[in-house]
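Remarks on the structure that follows.
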Amino acid sequence: MRAVVLGGGIAGLLAAQALTDHVDEIVVVERDRLPEGPQQRPGVPQSAHLHALLSRGLREIEQLLPGFAADLVAAGARVFDFSADTAIYNPSGWGARFPSPLRIYGASRLLMESVLRDRVRTHPKVEVSSGRAVEGLVGDTTTVTGVRLHATRTPIDADLVVDATGRGSRADRWLAELGCPPVPEAVVDAHVGYASRQYDIPERHTADWHACYVQLAAPHRPRGAVLAPIEGNRWIVSLLGVKAHRPTRAEGDFLNFVRSLPTPAIAHALTNATPLTPIVTTHATGNRRRYVEHARSQPTNLIRLGDAVCNLNPVYAQGMSTAAAGATLLAHCCRTRRNGTDFAARFHRQLARITDWAWQSTTAGDLSWPTTEGGPATPVQRLITRYTNHVFTSATKSPQVQRAVLDVLHLLRPPRSLLAPSTVTRTLWPPLRAPRTGAHRG
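Numbering that gives the first Met the number 0 puts the sequence shown at residues 0 to 441.
This is the structure in structure tokens:
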């Protein structure tokens, strides 16, 4: 049995690994010529921006590739406690900080993908075919039998096809060519812009945190930023702005933007830091979800996961972890019932439950901006936003509430977990004083 995975990025590599115990041969087809080591490639322009592998994502990858975290550390990733070592300036102030098991591996997207690629392509069942562009699918509305490649008359035959081609997936067009009806979709776009660059970490950096996150907050805080350590004793700094406040790549604007933030913590950290890279910007941050689970007719052996199903505003850092969860689900579905006419439909129904958590979190935040495409928020969503703001206020004083918030952020618990009685009680009757965490020092 041969599986063809379209896309050689993180989602595609994880899907390939997930299939190694269940098929005879896996061919990963990637448009880019894949580099050796952590090098930039055209198909991943977002790699210049901050990427975070959340606790849920790391857990899922370790299930597929035991020792992946150790490989990251060996390659130079920085390990720290997300709760204790990240200063988070939420809409109400500094979140409580405390020791936790929430580990973050600070690394660039390029390093994470390189380590993953080196692990996956050494598997004897996996063939990575780079520099080859897919032009379409072979088959009909019920079954895909292969994929068509650019400038090649002979298709690659396949018993299973996985679309992991990311935000730019053309599967909808390919399926339309086979006669399949369109897949329902939703778009929620707050028009957030990014600007990022890397700095060296100065020896005189004395703040009591490793990373700092100044969150956006509607409607009064349309600017935010994230600073985090990566390999090579470097920081990556990503600036965030909504609509008219989107940062530019102008050299003089970068630090001015940082100084305009509601806390000087990041500005102080960069005082003696030397920039190492040019400024890179992006406006491709909208949320788009394809409801494949609701499609009226889809091939029984075509799987779609990662950004090819649901791409999320990267400000919430949940994309890679959602893709990893989808890959482990694929392995589970192969173990339990690989054959059968409902394989793809069953997979997509279960994937929708995973996607729901991240979609609810990201769109709730983005819909709080009145100018968001895909809005306005419904009365229920506005009520949830009001309650969430109270949760953020309580999280500045209650470690228990802050931990509940972080568990949702890391996709360890669903958003509805913030309605647990213990969290509601602490939110409505918060402690009078914030804990002494040192979170304010920058």
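No residue lacks a Cβ here, since even glycine has one placed at the ideal position from N, Cα and C. Predicted, not measured: the structure shown is a model, and the values here were computed from it.
CB of residue i within 7 Å of CB of residue j, strictly
i: Gly-42; j: Arg-32; result: no
i: Ala-189; j: Trp-368; result: yes
i: Val-127; j: Ala-74; result: no
i: Ser-54; j: His-409; result: yes
i: Ala-194; j: Pro-246; result: yes
i: Val-133; j: Gly-145; result: no
i: Met-0; j: Val-22; result: yes
i: Ala-272; j: Pro-201; result: yes
i: Ala-76; j: Trp-208; result: no
i: Ala-294; j: Val-182; result: yes
i: Ile-25; j: Val-125; result: yes
i: Ile-9; j: Met-319; result: yes
Contact set for residue i: own chain, Cβ-Cβ below 8 Å, skip 5 residues either direction
i: Asp-162; result: Leu-5, Gly-6, Ser-168, Ala-170, Leu-301, Ile-302, Arg-303, Leu-304, Ala-307
i: Ser-99; result: Asp-80, Phe-81, Ser-82, Ala-83, Arg-402, Leu-405
i: Pro-65; result: none
Simplified DSSP state of residue i, which is helix, strand or coil
i: Glu-184; result: strand
i: Gln-197; result: strand
i: Leu-52; result: coil
i: Ile-278; result: coil
i: Pro-228; result: strand
i: Ala-14; result: helix
i: Leu-5; result: strand
i: Arg-381; result: helix
i: Ser-360; result: helix
i: Glu-35; result: coil
i: Tyr-212; result: strand
i: Ser-237; result: strand
i: Ser-22; result: Correcting the residue identity first, residue 22 is Val in this sequence and not Ser. Coil.
i: Arg-40; result: coil
i: Arg-440; result: Bear in mind that a pLDDT of 46 at Arg-440, under 50, signals an unreliable position, so the number given afterwards is only what the model happens to contain. Coil at Arg-440, not helix or strand.
i: Asn-286; result: strand
i: Leu-301; result: strand
i: Val-191; result: strand
Close beta carbons around residue i, own chain, < 6 Å, minus the five adjacent residues each side
i: Gly-92; result: Thr-395
i: Thr-362; result: Val-187, Asn-286
i: Thr-384; result: Ser-367
i: Ala-438; result: Here Ala-438 scores only 44 on pLDDT, less than 50, and its place in the model should not be relied on; the value that follows carries that caveat. Ala-86, Trp-93, Arg-96.
i: Gly-178; result: Thr-140
i: Ala-266; result: Val-257, Arg-258
Residues near residue i in its chain [Cβ-Cβ closer than 7 Å; skip 5 each side]
i: Val-241; result: Ala-189, His-190, Val-191, Leu-215, Pro-221, Trp-368
i: Ala-17; result: Leu-63, Ala-326, Thr-327, Leu-329, Ala-330
i: Ala-47; result: Ser-195, Val-279
i: Gly-373; result: Ala-185, Val-186, Val-187, Asp-188
i: Gln-359; result: Pro-414
i: Glu-442; result: Past the boundaries of the shown model lies residue 442; the chain is included only from 0 to 441, so the question cannot be answered.
i: Gly-135; result: Arg-147, Trp-173, Glu-176
i: Arg-425; result: Ser-393, Ser-397, Gln-399, Val-400
Short CB-CB distance (under 7 Å) between residue i and chain B
i: Tyr-104; result: Among the chains of the structure shown, chain B does not appear; only one protein chain is present.
Alpha carbon of residue i to alpha carbon of residue j, nearest angstrom
i: Arg-248; j: Leu-260; result: 17 Å
i: Ala-210; j: Asn-89; result: 14 Å
i: Asp-487; j: Gln-297; result: The shown model of the chain, from 0 to 441, leaves out residue 487, and the question about it has no answer.
i: Asp-117; j: Ser-129; result: 14 Å
i: Ala-206; j: Leu-417; result: 31 Å
i: Ala-376; j: Asn-388; result: 15 Å
i: Glu-35; j: Arg-120; result: 12 Å
i: Val-400; j: Pro-313; result: 24 Å
i: Thr-335; j: Phe-342; result: 10 Å
i: Arg-166; j: Gln-317; result: 14 Å
i: Val-3; j: Val-143; result: 11 Å
i: Ala-95; j: Thr-392; result: 10 Å
i: Gln-39; j: Thr-276; result: 13 Å
i: Arg-412; j: Pro-420; result: 15 Å
i: Ala-243; j: Ser-107; result: 28 Å
i: Leu-382; j: Asp-199; result: 43 Å
i: Leu-101; j: Thr-299; result: 38 Å
i: Leu-109; j: Pro-37; result: 5 Å
i: Asp-70; j: Ile-235; result: 21 Å
i: Glu-230; j: Ala-351; result: 34 Å
| said: What ranges does the alpha helix (DSSP H) occupy inside the segment 74-108, keeping only unbroken runs of at least 4 residues that lie completely in it? | reply: 81-84
| query | In chain order, which continuous runs of the beta strand (DSSP E) of length 3 or greater are located wholly inside the segment 399-424? | reply | none
| request: Please go through the segment 127-180 and give each complete beta strand (DSSP E) segment of 3 or more residues, from N-terminal end onward. | output: 133-138, 143-148, 159-162
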